[in-house]
Amino acid sequence: MTSADPHILFEDVSVGYGDRLVQRDLNFSIGRSEIFAIMGPSGCGKSTLMRSAIGLLKPFTGRILYAEESFWDADRERQQILMRSFGVMYQNGALWSSMSLAENIMLPLTEFAGLTGDHAMEIASLKLAFVGLAGFEDYYPSEISGGMRKRAAIARAMALDPETLFLDEPSAGLDPISSRLLDELVVNLRDSLGTTVVIVSHELYSILGICDNSVFLDTETSTMLASGNPRLLRDECENRQVRQFLTRGGQ
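In this note's numbering, the protein residues as written are 2 to 252.
In structure tokens, the structure reads:
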């Protein structure tokens, strides 16, 4: 269900913190309704790049365009509107421990959509059911498993029906079965809703199993070494480091 139309375009993007450059000269695009992997070894800057993409960290240079609109060149009001079209799941889930699962999902509905009471609760229940957590509205994050917390975090990220879903290491810390079930959920989200999904990951099974496209970030050179379908990169990429990452030491 992918499209050749660029949904997100990175043009000469360089990112970092303070005086520290993390990644430079990034040029790649993410198609509408793609499942796209930002991949590379730990510490290469995957999450840093995601922070720039979702509006939390201004790039040193370059532009990030959403449907040809430059996010960082827009005024603050327009940026806020664009940010509401993003859904974000952080690596640890970032659910509020003092709130039930339903309350966690109702929070963005109340804060950004002005929904309250039964309407907000109805939507929260629908989102939880969509990720396989029907009946868990009154549970707290501490009362469910790690895989269920990841699902609940995705449900909250989907609360406002975003066009783009960003997932930061969604499979981190999960057992293989829970990880595969989460991958199946991501594919179902894309196929049923047409959502563009951007996954920050170094998990090989997920990258090769569900991603349509990808970019590989390198630590030593602080730039991208390749972009494209990860299965094709594994088999055909001329860069040995990329092939080694995608085969975990093969070739």
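For every residue, glycine included, the Cβ atom is placed at its ideal position computed from N, Cα and C.
Computed from a predicted model, the values in this text were never measured in an experiment.
* To do: Could you tell me how far apart the beta carbons of residue 226 and residue 247 are, in whole angstroms, since I believe they sit closer than 8 Å?
  => Not really, about 11 Å apart at Cβ, beyond 8 Å.
* What is the residue span of the beta strand (DSSP E) that residue 8 lies within? -> 7-18
* Which residues in the same chain as residue 148 place their Cβ atom closer than 6 Å to its Cβ, once the five residues preceding and following it in sequence are excluded? -> Counting only Cβ-Cβ distances below 6 Å, and skipping sequence neighbours, we find 175, 179.
* To do: Reducing DSSP to helix, strand and coil, say where residue 62 ends up.
  => strand
* To do: Give me the Cα-Cα distance between residue 161 and residue 24, rounded to the nearest whole angstrom.
  => Rounded to whole angstroms, the gap between the alpha carbons of residue 161 and residue 24 is 31 Å.
* Are there 16 or more other CB atoms within 10 angstroms of the CB of residue 82, so buried, or fewer, so exposed? -> exposed
* Counterpart residues of residue 40 in DSSP-defined beta bridges -> 202, 217
* Asked: At a cut of 8 Å, does the stretch 96-110 reach the stretch 149-157 through at least three beta carbon pairs?
  -> yes
* To do: Helix, strand or coil for residue 169, going by three-state DSSP, please let me know.
  => strand
* Asked: Within 10 angstroms of its Cβ, does residue 269 collect 16 or more other Cβ (buried), or is it exposed?
  -> Limits of the chain in this structure are 2 at one end and 252 at the other, which puts residue 269 out of reach.
* Give me the Cα-Cα distance between residue 230 and residue 191, rounded to the nearest whole angstrom. => 17 Å
* Asked: Do you know how far the Cα of residue 216 is from the Cα of residue 36?
  -> 12 Å
* Could you give the uninterrupted runs of the beta strand (DSSP E) lying entirely in the stretch 81-142, keeping only those of 3 residues or more? -> 87-90
* Asked: In its own chain, which residues sit with a C-beta less than 7 Å from the C-beta of residue 26, not counting the 5 before and 5 after it?
  -> 13, 15, 224
* Asked: How big is the Cα-Cα spacing for residue 137 and residue 127?
  -> Answer to the nearest angstrom: the Cα atoms are 11 Å apart.
* Asked: Who pairs with residue 29 in a beta bridge, going by DSSP?
  -> 11
* Asked: CB residue 187 to CB residue 48, shorter than 7 Å?
  -> no
* Asked: So, helix, strand or coil for residue 75, using DSSP?
  -> coil
* To do: Can you grab the Cα-Cα spacing for the pair residue 251 / residue 67, in whole Å?
  => For residue 251, the pLDDT reaches just 42, beneath the cut-off of 50, and the residue's location in the model is therefore unreliable, leaving the point undetermined.
* residue 34 and residue 195: beta carbons closer than 7 Å? -> yes
* **Proximity of residue 92 and residue 173 at Cβ, strictly below 7 Å** => Yes, they are a contact pair.
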